[in-house]
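Novice: Numbering (my numbering), first residue to last: 250 to 842.
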């Protein structure tokens with residue numbers, strides 16, 4: 250439209266629509282969108298490895314449904330328990346600022362969702378971007394109750410790498426024959442070893458190399474010349490995993506919901522609990538190519554009671570060509586015991602560390618902790634024990650035992666007798682941690698519920714020290730809820746607090762939520778305690794978590810409402826326990842503040 254003065258003018262309606270669009274865009278960037286999901290959790294029959302079994306899944310699928318959102322969004326997930334036992338769900342890698350009520354670990358921030366009931370989680374995304382995941386956080390239920398969380402860049406922004414043509418979620422998981430819950434419950438009762446998986450799966454299927462599996466192998470059609478972003482989730486219970494694609498190079502660009510400096514590689518290694526964003530270009534001759542996964546075994550080579558199966562899936566190029574009898578297998582996939590292959594990949598992981606994605610590593614440390622991570626034994630005195638000892642694990646010789654009500658409720662409601670605040674900052678005794686030890690003073694541990702209390706905004710450094718107690722050394726993938734942490738260093742042997750800190754990376758250390766203590770080695774991490782609440786931390790090997798390699802932080806409130814725990818939701822799942830009172834069931838929803 251031209252005015253009488255010959256100048257362009259904009260019609261009033263166009264101005265209004267333009268302003269409205271900009272306002273909506275601004276609100277989306279600042280506050281994010283709100284999404285709603287319904288999770289119906291119930292038993293369903295699945296056939297794998299020539300056998301049919303019933304197991305608990307979400308929305309009748311294994312793996313479960315994907316949540317797809319943008320950075321800064323909020324997600325409400327209404328979980329309906331139509332199964333036969335209680336469980337909780339954890340949103341792995343999501344910081345949940347000021348909102349521990351929806352973090353999910355059983356008896357830490359909530360009690361289980363009972364059969365026939367439901368509970369709505371409020372999942373608050375903040376700085377996370379990339380791929381994370383959700384999973385059950387009760388016993389071994391996460392073996393079948395899990396799925397991916399895809400967090401796209403915030404509205405109006407994009408990736409810090411060339412835009413891929415498509416993305417594809419790859420969930421690596423474990424398959425167990427029979428009734429896994431019954432087997433685990435029996436082992437915990439008798440004090441015996443916990444089960445190993447019978448196969449690994451890629452997007453729910455073991456693949457061509459496993460019995461009765463070739464017709465159901467997961468396949469993905471791809472187009473020549475396109476770039477694909479793989480969103481890889483390691484949902485295995487007890488396995489670090491090597492992964493590769495035949496004749497295709499990979500570029501790793503993200504880890505645990507944060508971007509990293511690109512790593513060009515022919516394989517990756519991923520820990521249980523970790524997620525990775527990986528690019529690959531489909532530029533090989535038209536054909537079919539296996540992607541494959543196998544365990545990385547960090548115990549002694551003589552200990553071979555692990556799942557040796559290779560999980561496979563197939564990338565299949567579109568086009569007219571004659572397919573070979575069998576797809577090409579990745580020759581670059583490392584062997585089970587390839588220690589140097591694992592170390593070579595891990596040493597390359599660095600934060601992106603750009604103005605758009607800065608690092609903020611704590612320098613002036615106010616709290617230092619040295620935590621010994623160990624296999625142990627406990628006295629087994631009840632009638633179900635196989636012997637007078639049972640397997641245990643510990644942190645600073647404290648083996649965690651779940652309370653009858655969750656720690657968060659006890660802290661928030663000021664209930665006594667649920668936990669103590671004396672988790673030790675140093676080992677209870679010093680010895681040659683990486684040497685074999687059968688000393689009863691070291692082997693035997695105590696069960697307790699000791700937490701570590703941190704003031705708001707404390708700068709924390711933790712050095713985890715691996716051990717060889719009972720001649721049982723291996724790596725330990727440590728996971729911290731409510732936070733990402735910086736991996737400032739790791740090494741082998743006993744940590745030296747004089748020389749080792751001189752080698753710390755304070756420039757571009759990886760910022761992650763899960764990272765491994767090397768076998769017979771140590772791991773140093775740092776974070777700022779600026780998220781008030783009760784936050785679980787534990788080894789993400791489900792065996793070790795079950796045996797007690799867990800603890801919790803209580804981070805106190807800051808001095809303002811914006812730095813304090815949010816009020817609890819109107820409903821929390823009640824805790825079915827007998828307290829030292831006339832109350833039979835503790836129901837937090839009826840307790841007055």
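No residue lacks a Cβ here, since even glycine has one placed at the ideal position from N, Cα and C. Given the structure is predicted, the values throughout are model-derived calculations rather than measurements.
Could you pull out every residue in the same chain whose Cβ sits closer than 8 Å to the Cβ of residue 411, ignoring the five residues on either side in sequence?
Specialist: As a working note, residue 411 is residue 162 in the chain shown. Around residue 411: 476.
Novice: Could you give the distance in angstroms between the alpha-carbon of residue 632 and the alpha-carbon of residue 651?
Specialist: Your numbering for residue 632 matches position 383 in the chain shown. Your numbering for residue 651 matches position 402 in the chain shown. One C-alpha to the other measures close to 21 Å.
Novice: Determine the contact status of residue 305 and residue 340, defining contact as a CB-CB distance below 9 Å.
Specialist: Within the chain shown, residue 305 is the residue found at index 56, counting from 1. Within the chain shown, residue 340 is the residue found at index 91, counting from 1. Result no, Cβ atoms of residue 305 and residue 340 do not sit closer than 9 Å.
Novice: Grab me the residues of residue 594's own chain with a C-beta within less than 8 Å of its C-beta, minus the 5 sequence neighbours each way, in chain order.
Specialist: The residue you call residue 594 lines up with position 345 of the chain shown. Only 512, 514, 516, 517, 518 meet the Cβ criterion.
Novice: Where does the unbroken alpha helix (DSSP H) through residue 641 begin, and where does it stop?
Specialist: Taking the chain shown and counting its residues from 1, one reaches residue 641 at position 392. Run containing residue 641: none in the alpha helix (DSSP H); it sits in the beta strand (DSSP E), 638-644.
Novice: Is there contact here, the stretch 759-771 with the stretch 727-746, by at least three beta-carbon pairs under 8 Å?
Specialist: Yes: at least three Cβ pairs fall under 8 Å.
Novice: Return the Cβ separation of residue 802 and residue 644 in integer angstroms, given the expectation that the two are a contact with Cβ distance under 8 Å.
Specialist: Sequence index remark: in the chain shown, residue 802 carries index 553 (1-based). Sequence index remark: in the chain shown, residue 644 carries index 395 (1-based). That pair is no contact at about 12 Å.
Novice: Smallest Cα separation from residue 724: which of 420, 483, 354, 793?
Specialist: Residue numbering aside, residue 724 sits at position 475 when the chain shown is read from its first letter. Selected option, being the one with the closest Cα: 793.
Novice: Tell me whether the stretch 556-564 and the stretch 712-724 touch, counting them as touching only if at least three CB pairs, one residue from each stretch, are closer than 8 Å.
Specialist: no
Novice: Leaving aside the five residues before and after residue 690 along the sequence, list all residues of the same chain whose C-beta is less than 8 Å from its C-beta, in chain order.
Specialist: Residue mapping note: residue 690 aligns to position 441 of the chain shown, counting from 1. The residues are 678.
Novice: Going by C-alpha distance, which of 531, 812, 624 is nearest residue 715?
Specialist: Translated into positions along the chain shown, residue 715 becomes position 466. Residue 624 is the option with its Cα nearest to residue 715.
Novice: Just to check my reading of the structure: residue 421 and residue 451 have Cβ atoms closer than 8 Å, yes? What is that Cβ distance to the nearest angstrom?
Specialist: Counting from 1 along the chain shown, the entry for residue 421 is found at position 172. Counting from 1 along the chain shown, the entry for residue 451 is found at position 202. That pair is a contact at about 6 Å.
Novice: From what residue to what residue does the alpha helix (DSSP H) around residue 665 run?
Specialist: Along the chain shown, read from residue 1 onward, the residue named residue 665 stands at position 416. Residue 665 -> no alpha helix (DSSP H), and no H or E assigned at all.
Novice: To which residues does DSSP link residue 327 through a beta bridge?
Specialist: Position 78 of the chain shown holds residue 327. Per DSSP, 287, 369.
Novice: Between residue 284 and residue 402, how many whole angstroms is the CB-CB distance? I'm expecting something under 8 Å.
Specialist: Here residue 284 corresponds to residue number 35 of the chain shown, with the count starting at 1. Here residue 402 corresponds to residue number 153 of the chain shown, with the count starting at 1. The Cβ separation is near 16 Å, so there is no contact.
Novice: So, using beta-carbon positions, are residue 499 and residue 524 closer together than 9 Å?
Specialist: Within the chain shown, residue 499 is the residue found at index 250, counting from 1. Within the chain shown, residue 524 is the residue found at index 275, counting from 1. Cβ atoms of residue 499 and residue 524: not closer than 9 Å.
Novice: Going by CA-CA distance only, name the one from 413, 814, 509, 331 that's closest to residue 603.
Specialist: To locate residue 603, count along the chain shown from 1; it is residue 354. Of the candidates 413, 814, 509, 331, the one whose C-alpha sits nearest the C-alpha of residue 603 is 509.
Novice: What residue does the alpha helix (DSSP H) around residue 439 start on, and which one ends it?
Specialist: For the purposes of this step, residue 439 is taken as residue 190 along the chain shown, with counting starting at 1. Segment 429-439, the alpha helix (DSSP H) holding residue 439.
Novice: Would DSSP call residue 691 helix, strand or coil?
Specialist: The residue given as residue 691 occupies position 442 in the chain shown. Of the three classes helix, strand and coil, the one that applies to residue 691 here is helix, per DSSP.
Novice: Can you name, in chain order, every residue of its own chain whose Cβ lies under 7 Å from the Cβ of residue 730, other than the five neighbours on each side?
Specialist: Counting from one through the chain shown, the residue named residue 730 turns up at place 481. Contacts found: 352, 354, 784, 785, 786.
Novice: Roughly how far, in whole angstroms, is the beta-carbon of residue 419 from the beta-carbon of residue 481, given that I think they are within contact range, below 8 Å?
Specialist: Taking the chain shown and counting its residues from 1, the one referred to as residue 419 is at position 170. Taking the chain shown and counting its residues from 1, the one referred to as residue 481 is at position 232. Residue 419 to residue 481, Cβ: 5 Å. Contact.
Novice: Put residue 500 into one of helix, strand or coil per three-state DSSP.
Specialist: Residue numbering aside, residue 500 sits at position 251 when the chain shown is read from its first letter. Three-state DSSP puts residue 500 in a strand.
Novice: Pair every Cβ in the stretch 484-492 with every Cβ in the stretch 420-435, then say whether three or more of these pairs are closer than 8 Å.
Specialist: yes
Novice: Does the stretch 775-783 touch the stretch 522-541, meaning 3 or more C-beta pairs lie closer than 8 Å?
Specialist: no
Novice: If you count every other CB in all the chains shown that lies within 10 Å of the CB of residue 276, and 16 or more means buried, which is it?
Specialist: In the chain shown, residue 276 corresponds to position 27, counting from 1. Residue confidence for residue 276 is low, a pLDDT of 49 falling below 50, so the modelled location carries little weight and cannot support an answer.
Novice: Contact between the stretch 567-582 and the stretch 613-630 is defined here as three or more beta-carbon pairs at a separation below 8 Å; is this criterion met?
Specialist: no
Novice: Near residue 641, what residues of its chain come up, given a Cβ to Cβ distance below 7 Å and the 5 sequence neighbours on each side ignored?
Specialist: Taking the chain shown and counting its residues from 1, one reaches residue 641 at position 392. 625, 626, 627, 648, 694, 796, 797.
Novice: Is the beta carbon of residue 756 sitting closer than 9 Å to the one on residue 736?
Specialist: To locate residue 756, count along the chain shown from 1; it is residue 507. To locate residue 736, count along the chain shown from 1; it is residue 487. If you check the CB distance, residue 756 and residue 736 do not come in under 9 Å.
Novice: Between the Cα of residue 619 and those of 313, 775, 324, 385, spot the shortest distance and give me the residue it belongs to.
Specialist: Residue numbering aside, residue 619 sits at position 370 when the chain shown is read from its first letter. Among 313, 775, 324, 385, the Cα nearest to that of residue 619 belongs to 775.
Novice: So, helix, strand or coil for residue 658, using DSSP?
Specialist: Taking the first residue of the chain shown as position 1, residue 658 is located at position 409. Note: residue 658 maps to helix in three-state DSSP.
Novice: Going by the beta-carbon positions, is the gap between residue 366 and residue 822 smaller than 9 Å?
Specialist: As a first step, residue 366 is located in the chain shown; it is residue number 117 there, counting from the start. As a first step, residue 822 is located in the chain shown; it is residue number 573 there, counting from the start. Cβ atoms of residue 366 and residue 822: closer than 9 Å.
Novice: Just list the beta strand (DSSP E) runs in the stretch 524-595, keeping only unbroken ones of 3 residues or longer that don't cross its boundaries, in chain order.
Specialist: 524-530, 537-545, 560-566
Novice: Taking only runs that begin and end inside the stretch 753-807, name each unbroken alpha helix (DSSP H) of 4 or more residues, in chain order.
Specialist: 791-796
Novice: May I ask you to report which of helix, strand or coil DSSP gives residue 751?
Specialist: Start at 1 with the first residue of the chain shown, and residue 751 comes out as number 502. Here residue 751 sits in helix by DSSP.
Novice: Put residue 815 into one of helix, strand or coil per three-state DSSP.
Specialist: The residue labelled residue 815 in the question sits at position 566 within the chain shown. Coil.
Novice: Cβ atoms of residue 295 and residue 445: under 9 Å apart, would you say?
Specialist: Here the question's residue 445 lines up with position 196 in the chain shown. Here the question's residue 295 lines up with position 46 in the chain shown. In this structure, residue 295 does not lie closer than 9 Å to residue 445 by Cβ.
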